[in-house]
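When you line the sequence shown up against my numbering, it's residues 38 to 473, in that order.
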Amino acid sequence: MQLALHVLSASCYISRPLCQDRDNTMLGWTSLQRNAAIASFLSWTLDAFDFFLLVFLLSDIAQTFHVGLEKVTLAILLTLAVRPIGALIFGRLAEKYGRKPILMLNIIFFSIFELLSAAAPSLTIFLVLRVLYGVAMGGIWGVASSLSMETIPDRSRGLMSGIFQAGYPFGYLIAAVAYGLLFELLGWRGMFVIGAAPILLLPFIWFCVQESPVWLASRERKESTALLPVLKTHWKLCCYLVVLMAAFNFFSHGTQDLYPVFLKVQHGFDPKTISIIAVTYNIASIIGGVLFGSLSEKIGRKKAIITASLLALPVIPLWAFASGSLMLGIGAFLMQFMVQGAWGVVPTYLNELVPANTRAVLPGFVYQLGNLIASVNATLQATIAEHHGQNYGLAMAIVAGTVAIIIAILTFFGQESRAKKISGAVEQNAMQHVSR
């Protein structure tokens, strides 16, 4: 993946002139477009890294605070539940002050709260800190996705959508590697200290990333950024997107959040085995997201989503009910390939459906409202498992199978958006403006 290679070289940029080398292109993009794509991808990746560290540490935190696992899963519920607040706050700020400065502010906040989580003296304080982290996390997706989608060429939106959303499983992958290599050395508190690493992304954004050209153009035209009139005019679309995103979030969190617990508690695997399986299925997630995101440019957004979600159904028996690390690993690989394949279309699909002057706030807001509805997932699955003899496989299978069908149905009745223009001439004019 070419983007991954550029991610590795991003740290080599130490001055603004080097970042603005316009002869250096990737996929036919200018360096300004490339840098925005890298910054957006890494912001979402490192945000996901911080979130998924918790997934691997649930049972250990429960042991430290002498409580049942289901009580610690409240941390996931609360984090997801308050994300709409962050999407609204940071999204509105990004509409008013620009994508770049608010993205940086957002990263500072969620990094600080992740670090503070390491020092929590009690479960109550830990949960409070996860609420604050959830607010900060809620802003990243909408601000980062609007920055990338408004900067790259229209022809690349499907590809960029898959790459951007692949940042989520890539963050999960990094968390899995860190857990496998460092947990026994550092413990769960030390893992949260590592979670403050996203703050290291700030110099790259400061020196190498330019403001969204679409936002700059709208500011020059003095377009209104009022959200309430848009909600009143497009309330049916907003309601539809919230329900769709609720199903999508049940799909991802329902197949990811308790899977390490499933492997550890139900199958008794050690941390290194769990880490290897998690790395494997997150590699599949990245491939699936990029593949289906790119495919959506050819067959349309709706067909790509429906195909990926329905293909997840025959994988469920292998993913949830197989025995042995090899077969479960294969099942997890195939499941996340399909789940994140469907998700790979979401960033461009939402940005294409909403009005132009709301892209920093509305896609992220409906996405996180869907997260609010799906925030009960971990607690719901843990409760189902508790009532069926710790059978986490059954709990996950029920949720995954149900929402896969719901996503396919909802998407079938939705709008196709593949041909919609976002940037075009506006982008080129504004890009020339910011590069002077």
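Heads up, the beta-carbon is just placed ideally off N, CA and C, and yes, glycines get one too.
Note that the structure is a prediction, hence the values are computed from the model and not measured.
Would you decide whether residue i is buried or exposed? Buried here means 16 or more other CB atoms lie within 10 Å of its CB.
{"i": "Gln452", "result": "exposed"}
{"i": "Ala345", "result": "buried"}
{"i": "Ala156", "result": "exposed"}
{"i": "Leu265", "result": "exposed"}
{"i": "Ser289", "result": "buried"}
{"i": "Phe241", "result": "buried"}
{"i": "Glu221", "result": "exposed"}
{"i": "Ile162", "result": "exposed"}
{"i": "Phe450", "result": "exposed"}
{"i": "Leu516", "result": "The structure shown does not extend to residue 516, since the chain is modelled only from 38 to 473, so the question has no answer here."}
{"i": "Leu115", "result": "buried"}
{"i": "Leu253", "result": "buried"}
{"i": "Ile446", "result": "exposed"}
{"i": "Leu111", "result": "buried"}
{"i": "Trp272", "result": "exposed"}
{"i": "Lys133", "result": "exposed"}
{"i": "Val92", "result": "buried"}
{"i": "Glu151", "result": "buried"}
{"i": "Asp307", "result": "exposed"}
Can you grab the Cα-Cα spacing for the pair residue i / residue j, in whole Å?
{"i": "Gly366", "j": "Thr317", "result": "7 Å"}
{"i": "Ala41", "j": "Ala437", "result": "Because Ala41 sits at a pLDDT of 40, beneath the cut-off of 50, its placement in the model cannot be relied upon, and the following sentence gives the value as read from the coordinates. Roughly 30 Å between the two C-alpha positions."}
{"i": "Met141", "j": "Pro354", "result": "43 Å"}
{"i": "Ile343", "j": "Ser159", "result": "44 Å"}
{"i": "Thr292", "j": "Ala99", "result": "21 Å"}
{"i": "Gly135", "j": "Ala359", "result": "49 Å"}
{"i": "Arg59", "j": "Ile139", "result": "Per-residue confidence for Arg59 stands at a pLDDT of 49, beneath the threshold of 50, marking its modelled position as unreliable; the derived number appears in the next sentence. The straight-line gap from Cα to Cα measures roughly 25 Å."}
{"i": "Tyr277", "j": "Ala397", "result": "19 Å"}
{"i": "Ser312", "j": "Asp294", "result": "14 Å"}
{"i": "Asn286", "j": "Lys108", "result": "21 Å"}
{"i": "Pro384", "j": "Gly368", "result": "26 Å"}
{"i": "Glu187", "j": "Asn408", "result": "24 Å"}
{"i": "Gly232", "j": "Ser77", "result": "18 Å"}
{"i": "Gly204", "j": "Leu83", "result": "8 Å"}
{"i": "Gly426", "j": "Leu348", "result": "29 Å"}
{"i": "Leu106", "j": "Ser96", "result": "6 Å"}
{"i": "Asp191", "j": "Met197", "result": "10 Å"}
{"i": "Val267", "j": "Glu389", "result": "15 Å"}
{"i": "Arg226", "j": "Val298", "result": "18 Å"}
What are the boundary residues of the alpha helix (DSSP H) that includes residue i?
{"i": "Pro405", "result": "Checking the sequence, you will find Gln at residue 405 rather than Pro. Gln405 -> alpha helix (DSSP H) spans 399 to 411."}
{"i": "Leu238", "result": "Here Leu238 belongs to no alpha helix (DSSP H), and DSSP marks it neither H nor E."}
{"i": "Phe146", "result": "136 to 154"}
{"i": "Gly179", "result": "160 to 186"}
{"i": "Ala432", "result": "429 to 449"}
{"i": "Thr110", "result": "Per DSSP, Thr110 belongs to no alpha helix (DSSP H) and is neither H nor E."}
{"i": "Glu334", "result": "308 to 336"}
{"i": "Phe358", "result": "353 to 358"}
{"i": "Glu248", "result": "Per DSSP, Glu248 belongs to no alpha helix (DSSP H) and is neither H nor E."}
{"i": "Thr416", "result": "414 to 423"}
{"i": "His290", "result": "272 to 293"}
{"i": "Ser362", "result": "362 to 380"}
{"i": "Arg194", "result": "194 to 231"}
{"i": "Val383", "result": "383 to 390"}
Write down the C-beta distance between residue i and residue j rounded to the nearest angstrom, noting that I regard them as a contact closer than 8 Å.
{"i": "Gly326", "j": "Gly195", "result": "The pair is not a contact, with the Cβ atoms about 11 Å apart (cut-off 8 Å)."}
{"i": "Leu69", "j": "Met228", "result": "With 8 Å as the limit, Leu69 and Met228 do not qualify as a contact, their Cβ atoms being about 35 Å apart."}
{"i": "Ser322", "j": "Gln247", "result": "With 8 Å as the limit, Ser322 and Gln247 do not qualify as a contact, their Cβ atoms being about 30 Å apart."}
{"i": "Ile122", "j": "Val172", "result": "5 Å"}
{"i": "Tyr429", "j": "Gln303", "result": "5 Å"}
{"i": "Gly179", "j": "Val119", "result": "With a Cβ gap of about 15 Å, Gly179 and Val119 do not count as contacting."}
{"i": "Val279", "j": "Val403", "result": "5 Å"}
{"i": "Ser183", "j": "Ser249", "result": "7 Å"}
{"i": "Leu371", "j": "Val352", "result": "4 Å"}
{"i": "Arg167", "j": "Ser148", "result": "So it is not a contact: roughly 14 Å between Cβ atoms."}
Return yes when the C-beta of residue i is under 7 Å from any heavy atom of the ligand HEM, and no when it is not.
{"i": "His271", "result": "For the ligand HEM, the structure offers nothing, since it holds no ligand at all."}
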